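To keep things clear, I will list the structure first and then write my remarks on it.
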Amino acid sequence: MIRISESYIEIINSFLDDYIERRELGDEIYTPLNTLLNEIQDFFSEVYLDFNNSFLKKSENEDITNFLIYHSARNLKLTTIKVIDSFRLAKVRALNPKVARQLKSFIEPLIKFLIFLKLMKQESFPKIDMLSEELEKFRSIAKEKDFLCNLDEELKYDKITHKEFRNLMNSIREINLAEFH
Amino acid sequence: MKYFRFSCDTNILISSAFYYRFKTLPEIFREGVVYDFSIFTMRYFERILGKKGIKFGILPPSTLKELNLIKPKIILKKLEERFSNDQVKFRKALNELSSLLNRVNDNLKRVLKIFNKGKAYINDNRVRKIYKKVDNMYKNFITQSINMKEEIKKKVEDHINNFYARYFQNMEAYQEIEEAKETALQTQIIRLSKKNKTVKENDKEILSEIIYERKRCIQENTHFRNNLNFYFITEDTHFSRKYNKRFKIFSTPITTKIKELFDIDSVRAKQFTELIFNKKLNLER
């Protein structure tokens, strides 16, 4: 079910315009941003449950697709958390509203990516390539606007230690890649 | 020294993105892991791109297309292997693997910068023509492979009877060694007759695209004519040489044929790293 609409973009943009004009950040933006985050988290939980219930029970391609939707939703969630954190940090440090300008050009891709993922979840056509490409586009824009979590932040948000991550990376290297080719 | 360009298969490309820390060259050669050779090669050409602004790599479209599918396959394999029966760890594993995929994608994005994207699409008539030649080459090898063991046996027997019989008392042992040695030399061909070692369509398509890219390189740069080494880095035995530890020899009939017919040097990741290490590559544009 797609609840969020493009009208969100207008609401958030009107606050951002105000901050840019006043050259000062306010607190009003947190309400729509937190609502958006809740919406993303609900979607993320839904995606997780679906994946957990279907993993290894359907085809390999479906498992890959479901993982990519989960992976994309997680990226979306982490990016939205970083957006909110960036506002908090800028407010605490009383910085100029650069972050508002950055979000103004990023809020539309962010919400559209959520809508895209929701649509993809409902569709049954092959979508591995499309999901991979759209996620990379989203991550590139997020990086350009300074809203993409780096590895440290990503691991911190999900309480993953560097040691665990390093061990995982090393264990992947034990896999014989020839069997996938 | 001849000019050079290189390409690689999907596995080399993906393995070059799986790293947490970089190893030193002595470590890399000591451990001899394909992942590390691939990482070193890509890092080296990233530096060359930074310093000289030259892209020596060329990637055919089929390799790029395979990337999207193989990356999550590897992730799922890990997920299945370690956590599918543990609900609590399953979620943690998903998040860890998701972080890992982000890291690998970021690394790949950087690695891909050292390559020019190829223009050879397998549906293009020019590439299809090359494909027919490649396909014929493998069909001939497969035909050869079917009776190869018997042929080796006969060849060795004749050889021994004709020349060495009088010098050796233990003929059977000698014959076994000679047969094993000849088999090792022909491993590349013999493997083709095994069920799980057949050459996939996709592999032949990738080789055809690489051959086309080499031709295109020469057409676009006339000074490359008769003066270009085109390397294809791959760990697939139906492309690059296979080492036999017992006799310390390489099986190379397919690799040699690919060079002879198409002028492509199929090399393993370690071989290519050695070329870099020994300064055997001409780094001029």
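Sequences listed follow chains A and B, in order. The first sequence begins at 115 in the working numbering and counts up one residue at a time. The second sequence begins at 355 in the working numbering and counts up one residue at a time. Don't be surprised by glycine CBs; every beta carbon is placed ideally from N, CA and C. If you're wondering where the values come from, they're calculated on a predicted model, not measured in any experiment.
Selected residue, minimal CA-CA separation from M355(B), among K613(B), F578(B), T606(B) and D590(B): F578(B)
Beta-carbon neighbours of E268(A), restricted to chain B and to distances below 8 Å: S453 and N456
Beta strand (DSSP E) segment containing P230(A), residue limits: Per the sequence presented here, residue 230(A) reads as Phe, with Pro not at that position. No beta strand (DSSP E) holds F230(A); the alpha helix (DSSP H) holding it covers I221 to Q236.
Residues of its chain near L454(B), where Cβ-Cβ distance is below 8 Å and the 5 sequence neighbours each way are ignored: I429
Contact with chain B by E248(A), beta-carbon distance below 8 Å: no
Sub-8 Å separation of T194(A) and L130(A) beta-carbons: no
Cβ-based neighbour list, F181(A), same chain, cut-off 8 Å, excluding 5 preceding and 5 following: F165
Residues of the segment 416-435 of chain B with Cβ closer than 7 Å to any Cβ of chain A, in chain order: N422, L423, I424, P426, K427, I428, I429, L430, K431, K432 and E434
Residue range of the unbroken beta strand (DSSP E) whose run includes L637(B): No beta strand (DSSP E) holds L637(B); DSSP gives it neither H nor E.
Cβ pair count under 8 Å reaching 3, the segment 443-452 of chain B against the segment 382-394 of chain B: no
C-alpha distance - R640(B) paired with Q529(B), whole-angstrom precision: Outside the modelled stretch of chain B, which goes from 355 to 639, sits residue 640(B), for which no answer is possible.
Candidates F586(B), N494(B) and N583(B): closest to S547(B) by CA position: N494(B)
Interface partners of L282(A) on chain B, CB under 8 Å: K432, E450, L451 and L454
The segment 398-415 of chain B / the segment 597-605 of chain B touching (three or more Cβ pairs under 8 Å): no
Chain-order list of residues whose beta-carbon lies under 6 Å from that of P146(A) (same chain, five-residue window excluded): I125 and I126
Local conformation of E628(B) per DSSP, three classes: helix
8 Å Cβ cutoff, F444(B) in contact with chain A: yes
6 Å CB neighbourhood of N290(A) in its chain, flanking five on each side removed: none
Own chain residues within Cβ distance below 7 Å of Q618(B), not counting five before or after: Residue identity differs from the one stated: residue 618(B) is Ile in this sequence, not Gln. The residues are I564, I565, R568, F584, F586 and I612.
C-beta neighbour in chain B for F279(A), strict 8 Å: yes
With 16 other Cβ atoms within 10 Å as the buried cut-off, status of Q540(B): buried
Contact list for D199(A) against chain B, beta-carbon separation under 7 Å: Within chain B, no residue comes near D199(A); the closest Cβ sits about 18 Å away, beyond 7 Å.
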